[in-house]
Amino acid sequence: MSENEIAPKSGAGPEVIARRSGMWGVKDSGDTTGFSTQRETAVVAPPATRPYGGWFDEVVDVIVELAEADGLAPEQVIEKVSTQNGQLVIFVPREHLLTVAKYCRDDQDLRFEMTLGVSAVHYPQDKGRELHGYFPLFSFTHNRMIALEVTAPDADPHMPSLVPVYPGDDWAEREAFDLMGIVFDGHPALVRSAMPDDWVGHPQRKDYPLGGIPVEYKGAVVPPPDTRREYN
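In this note's numbering, the protein residues as written are 3 to 234.
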């Protein structure tokens, strides 16, 4: 397998999305980054099997119970449960994100009163679910933390805004929209927060150009990686 080639996925461990070489994965040109020997494997956590351990089972059981009470099957609201690195991450279909978030906030056995924002990730090789939204939730009542994770395709980069449930997610979602291009439906004012309003593209996506873009107001240009000075 050549560098930067998509690796096959395996159910035995983490899903391998891609293997990259160098700092920026530059191909077909001399490495000008100074990090030509760096190797990186991009993975998505594998599904966990029961028992998850500790209070993890209790949290998932409560969500399942509440979903069934609303006439929803467990598989409709939970795509996958991960416990990698000792953290409970529940993958939720985007159409049920608000429903599960309300369960997490309101049920007395869950009481995740606060969100710590949203982290956006771009996996260009993960076809059909290139964009990931990662929402950490914290419970003051039970002193616990979990995360909800949602995916969306590049072709339809929409997922619900959590602002109606957790108003503190406002600016975090604006940043994720500005830099990664996720459109949070239902957000009260989804506009750019860092880049100029007329900026084209989303600079933190993996396929965004690496330089060669005029610097705003200065007229200067950062050269693309393949034209910079090479480090020997």
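Note that beta-carbon positions come from the ideal geometry of N, C-alpha and C, so glycine has one too.
One alpha carbon belongs to residue 167, the other to residue 108, and they sit about 10 Å apart. With 16 or more other Cβ atoms inside 10 Å of its own Cβ, residue 180 counts as buried. Contact check between the segment 140-158 and the segment 170-178: fewer than three CB pairs, one atom from each, fall below 8 Å, which does not count as touching. Under the 10 Å beta carbon count, residue 72 is surrounded by fewer than 16 other beta carbons and is classified as exposed.
Taking 8 Å as the cut-off, the Cβ atoms of residue 159 and residue 133 count as close. The alpha-carbon of residue 110 is positioned some 11 Å away from that of residue 61.
Residue 193 sits away from residue 187, with the two beta carbons spaced by 8 Å or more. Residue pairing of residue 52 in beta bridges, as defined by DSSP: absent, with no partner found.
In the three-state scheme derived from DSSP, where H, G and I count as helix and E and B as strand, residue 132 is classed as coil. By the CB criterion at 8 Å, residue 95 and residue 115 fall outside the cutoff. The alpha-carbon of residue 97 is positioned some 36 Å away from that of residue 23. CA-to-CA, the gap between residue 156 and residue 205 works out to about 15 Å.
In the three-state reduction of the DSSP assignment, residue 171 falls in the helix class. Only buried fits residue 135, as 16 or more other CB atoms lie within 10 angstroms of its CB. Annotated three-state conformation of residue 71 is helix, per DSSP. Taken in chain order, the unbroken stretches of alpha helix (DSSP H) that lie wholly in the segment 63-129 and span 4 residues or more are 76-79, 99-108. A straight-line Cα-Cα distance of about 30 Å links residue 174 and residue 41. Excluding residues up to 5 positions away in sequence, 81, 82, 151 lie with their Cβ nearer than 6 Å to the Cβ of residue 93 in the same chain. Nearest neighbour of residue 65 by Cα position, chosen from 55, 138, 78, turns out to be 78. A direct Cα-to-Cα measurement between residue 69 and residue 76 gives close to 7 Å.
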